[in-house]
Amino acid sequence: MSNRALAPFGTTIFSEMTAAALEHQAINLSQGFPDFNGPQGIMEAAQKALSQGHNQYARSMGHPALVEAVANHVKTNYQIDVAPYEEVCTFSGATEGIAAFLLGYLNPGDEVILFAPFYDSYQAVAALAGAKVKTYFLQPPNFELDLNLLESLITPKTKLLLLNSPHNPTGKVFTKEEMTDISELVKKYDLTVLSDEVYEHLTYDGAQHIPFCSLPNMWERTFTLSSTGKTFSFTGWKIGWGYGPPHLAQAGLRAHQFLTFCAATPLQVAMAHALNNYQESYLAELKSEYLERRNILAQGLALAGFEVFMPKGTYFLLADFSRHSKSPDRVFAHQLTQEAKVATVPPSVFYPQDERTPKHLLRFAFCKQKSTMEEAVQRLSQWAKKTA
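In numbering that gives the first Met the number 0, the protein residues as written are 0 to 387.
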């Protein structure tokens, strides 16, 4: 019999919708992976690392080249000093980092606050750790923060607040004012923050990403996660990292050493090369391209009768399909995959299942080639005309 803690979760929605996309030969805008490669020079760096013998276990906290590159990345971008060998830990993707930190830091009965909608791994791993999830609902259309409502969720058992900004799937980028308000609650109630910042470099329309640990007195309370997969478009390489004060870095390491022990050594070396050589030039170009593709998708959806919630970050977009159907989002997502040949994700799976959970939205990924986005928009337009 399988672990009862995972019984409520079933098969991840990404596997479900990707399988549906393959079955119906649909364009896959469900799972957040690019349909193009990252820079050629990074792939060549991986090949070079393989041929030069970087093929054995690395230190569990991370290959020296990568932890030093991460520390330099944080210093360059945010003027935060990080000790590479004591305060950085690399993981087999940021998802493993989430699992390692939650399993290494939480005890059964601890309470964790999540902002719904949330990446589905958060709730599942919290359950494995024996923790209880309390949920703050970010409601459309503006997904605003009500500090009093957030504070009402905190109890003497609350240990951790899991913050994700830029936020998947809403595309919300928490403002400095919102972050500061959250930090005041963190201090008041002596909480720790796991800050998932994997989309840190993907912001638009003047929105600015602010690392939570950069706020006054938050360094000692925050463990920050990021990912080279999102940053450099190599999601299948699964190279992520975390950083924070030694006691929190050690919490992540405690479980990481018994999960994967270390991330793939040659890919760590290649991603160190990426951080040291490609960040500024590549990211500016990538951000510009994603902005163009976001706008293509948003305009196409609006013309096809969807209400669009324009994201200021990530590479996801939420849209309201109420004008087309009153079916629940999961049903409509499969209908759209079959009829329009465009696969999406029903975001109700990113909420607790109660009466507050919206079931009239879909999440679209725009981390695809321009031609892919144009074809997807054309298919949606044709479908909308047929069903009008």
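Virtual Cβ for every residue (Gly too), placed ideally from N, Cα, C.
Give every residue of the same chain whose Cβ lies closer than 7 Å to the Cβ of residue i, excluding the five residues on either side of it in the sequence, and list them in chain order.
i	result
T154	E110
Q389	This structure cannot speak to residue 389, because the chain is shown only from 0 to 387.
F142	T169 and K171
H359	D319, F320, S321 and D328
K175	I209
E338	W382
M309	A297
A303	L379, S380 and A383
Who are the Cβ neighbours of residue i in its own chain at under 6 Å, not counting the five residues just before and after it?
i	result
Y281	P38
A318	L300, F305, V307 and L361
A44	A269 and H272
K367	D34
L160	I112, L190 and V192
L105	A128 and A130
H53	T264, P265 and V268
L224	A93, G96, D195 and G241
Under the rule that 16 or more other beta-carbon atoms within 10 Å means buried, what is residue i, buried or exposed?
i	result
D189	exposed
V330	exposed
K384	exposed
R293	buried
F257	exposed
F260	exposed
S164	buried
N27	buried
A115	buried
R3	exposed
Q122	buried
S14	exposed
R355	exposed
L101	buried
E279	exposed
A283	exposed
S226	buried
L148	exposed
L65	buried
L162	buried
S29	buried
In the DSSP assignment, what are the bridge partners of residue i?
i	result
N27	A342
E306	D319
G223	What sits at residue 223 in the sequence shown is Thr, not Gly. In the DSSP output, where bridge partners are listed per residue, T223 has S194 and Y242.
N163	D195
A115	F136
V87	Y242
K131	E110
G312	T202
Excluding five sequence neighbours on each side, which residues of the same chain lie with their C-beta closer than 8 Å to the C-beta of residue i?
i	result
I41	F231, F233, A269, M270, H272, A273 and Y277
K74	D80 and V81
L252	S59, M60, C88, A99 and G103
P423	This structure gives no information on residue 423, because the portion of the chain shown stretches from 0 to 387.
G394	Because the chain in this structure spans residues 0 to 387, residue 394 falls outside the shown range and cannot be described.
Find the nearest neighbour of residue i within the set the options, judged by alpha-carbon distance.
i	options	result
A254	A48, S91, A45 and Y84	S91
L146	Q122, W240 and Y135	Y135
L201	L101, H166 and C212	H166
S151	K133, D80 and P210	K133
S182	H208, G205, T343 and M217	M217
F365	D119, K286 and D195	K286
W240	K340, N2, F8 and D195	D195
P63	Y84, Y289, L49 and E177	Y84
S50	E177, L224 and L266	L266
F363	F349, G108 and Y314	Y314
M178	G205, T157, K237 and T221	T221
L247	I97, N76, L21 and P215	I97
L127	L5, L184, L302 and A342	L5
E219	G243, N36 and G235	G243
E95	Y118, E86 and F32	Y118
S324	L137, C212, Q78 and T386	T386
T11	A375, M372 and V344	V344
W236	L21, F32 and T223	F32
A19	T336, H72, M372 and V376	T336
F211	G9, K156 and Y77	Y77
L214	L21, D180 and D353	D180
A57	T371, A262 and F349	A262
K158	T371, S1 and V185	V185
A68	F8, A332, N275 and M16	N275
I295	K369, L137, A48 and K156	K369
V124	F8, Q377 and S29	F8
G228	A70, A250, Q249 and N36	N36
A250	A25, E86, N71 and E373	E86
Y350	S326, S120 and K340	S120
Under the criterion of a Cβ to heavy atom distance below 7 Å, does residue i qualify as lining the ligand NAD?
i	result
E177	Absence of the ligand NAD from the depicted structure is noted, as is the absence of any ligand whatsoever, leaving it without description.
I'd like to know if residue i contacts chain B, where contact means its C-beta is closer than 8 Å to some C-beta of that chain.
i	result
S91	Absent from the structure: chain B. Only one protein chain is present.
(message) Which complete alpha helix (DSSP H) runs does the region 5-67 hold, if anything under 4 residues is left out?
(response) Inside the region 5-67, DSSP marks whole alpha helix (DSSP H) runs of 4 or more residues at positions 12-22 and 39-50, from first to last along the chain.
(request) Run through the region 339-385 for me and flag every whole beta strand (DSSP E) of 3 or more residues, listed as ranges in chain order. (result) DSSP runs (the beta strand (DSSP E)) wholly in the region 339-385: 360-364.
(request) Run through the region 247-279 for me and flag every whole alpha helix (DSSP H) of 4 or more residues, listed as ranges in chain order. (result) Contiguous alpha helix (DSSP H) elements confined to the region 247-279 occur at 264-276, taking only those with 4 or more residues.
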